[in-house]
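Everything below concerns the one structure shown next.
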Amino acid sequence: PARLDIEEEEGEAPPPPDAVLAGPPPAATTGQPGRMPEKASGEAGEAMGQAASRTDQDIAPATRPPSEAELRAELRRREQAAFEQAAAALRAAVQDDPALADLASQLLVEQVPEGLRIQLLDAERQPMFPLGGATPDERARALLRKVAQVVARLPNRLAIAGHTDATPFRTGERSNWELSAERANAVRRLLLEEGIAEQRIQGVTGHAERMPLLPDQPMAAANRRVAITLLREASAPAGAGDAAQ
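In terms of my numbering, the sequence shown is residues 6 to 250.
Here you go:
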């Protein structure tokens, strides 16, 4: 029988499987495994330093001690709030007392540049003092006790003033100057009886008819009054002359 010899073609042998899958060798690296290159590490440190600096700048205003002007403003704010609370408490105490509720219209409470002023006014048929006298009647004393209870809650010094209408005395032995001063001093004594410390009294004055509440009605009953002023410890804020609400 004939023999058929098949010879392999000459040429390169096929590459082994490992040679087909293998890629170029990795680039050589220096340093320890897991360590950031020096340049990148330096940039990261600089960024962290800038961030810390910005944080310090952000919190600096919060840690700065308040200035003298800021402290004065805060004192004014607190005093203003205390006066407003005192005014509201006094009005409520009078209105809630059945024996005094009808005197609420004769109680004038307002904030003025000097402080919180509390005035007890006469009415045509309800005077606080007898005609020409300096002893408060029983209802006026009860009203003054309410005032003392509210005043006792605050540390401010007090100024007390008496006022009259323009009606003159018939004789020259006494005048509205004496009468207004005597009424103011009677209020001082009553406040002391109610526990107000004497050292808080800054002054007691009588103004006669020279400072009428109703200038165009010099004979009006409302001009006959006594005023108790809680004096400001802080300087007066703008608009302090508005009535306390």
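All residues carry an ideal CB built from backbone N, CA and C; glycine is no exception.
Here's the rule I'm using: 16 or more other beta-carbon atoms within 10 Å means buried, otherwise exposed. How should residue i be labelled?
i, result
"Phe174", "exposed"
"Asp127", "buried"
"Glu12", "Bear in mind that a pLDDT of 48 at Glu12, under 50, signals an unreliable position, so the model cannot answer this."
"Thr234", "buried"
"Ala27", "Only weak support exists for where Ala27 lies, its pLDDT of 46 falling under 50; the coordinates are left without a value."
"Pro217", "buried"
"Pro118", "exposed"
"Glu84", "buried"
"Arg74", "Note that residue 74 is Ala in the sequence shown here, rather than Arg. Exposed, because fewer than 16 other Cβ atoms sit within 10 Å of the Cβ of Ala74."
"Pro141", "buried"
"Ala104", "exposed"
"Gly120", "buried"
"Asp167", "Sequence check: residue 167 is Gly here, not Asp. That one is buried."
Can you tell me where the alpha helix (DSSP H) with residue i in it begins and where it stops?
i, result
"Leu195", "181–198"
"Ala78", "73–100"
Give me whichever residues DSSP pairs with residue i in a beta bridge.
i, result
"Gly116", "The sequence given here places Gln at residue 116; Gly does not occur at that position. Leu121."
Which residue from the options puts its Cα closest to that of residue i?
i, options, result
"Val231", "Pro220, Met224, Arg193", "Arg193"
"Arg188", "Pro103, Gly211, Glu115", "Gly211"
"Leu184", "Val209, Glu115, Arg205", "Val209"
"Ala86", "Glu198, Leu159, Leu148", "Leu159"
"Asn181", "Glu203, Arg215, Ile201", "Arg215"
"Pro226", "Ala164, Leu105, Met133, Gln204", "This sequence places Ala at residue 226; Pro is not what is there. Minimum Cα distance to Ala226 is reached at Met133."
"Lys151", "Leu236, Ala98, Pro223", "Ala98"
"Glu89", "Val156, Gln222, Pro220, Ala147", "Val156"
"Leu125", "Arg81, Gln154, Arg179, Leu112", "Leu112"
Start and end of the beta strand (DSSP E) containing residue i?
i, result
"Gln207", "206–211"
"Ala232", "230–236"
Query raised in the report: Residue ranges of each alpha helix (DSSP H) run of no fewer than 4 residues wholly in the segment 127–167, ordered along the chain?
Result: 143–156
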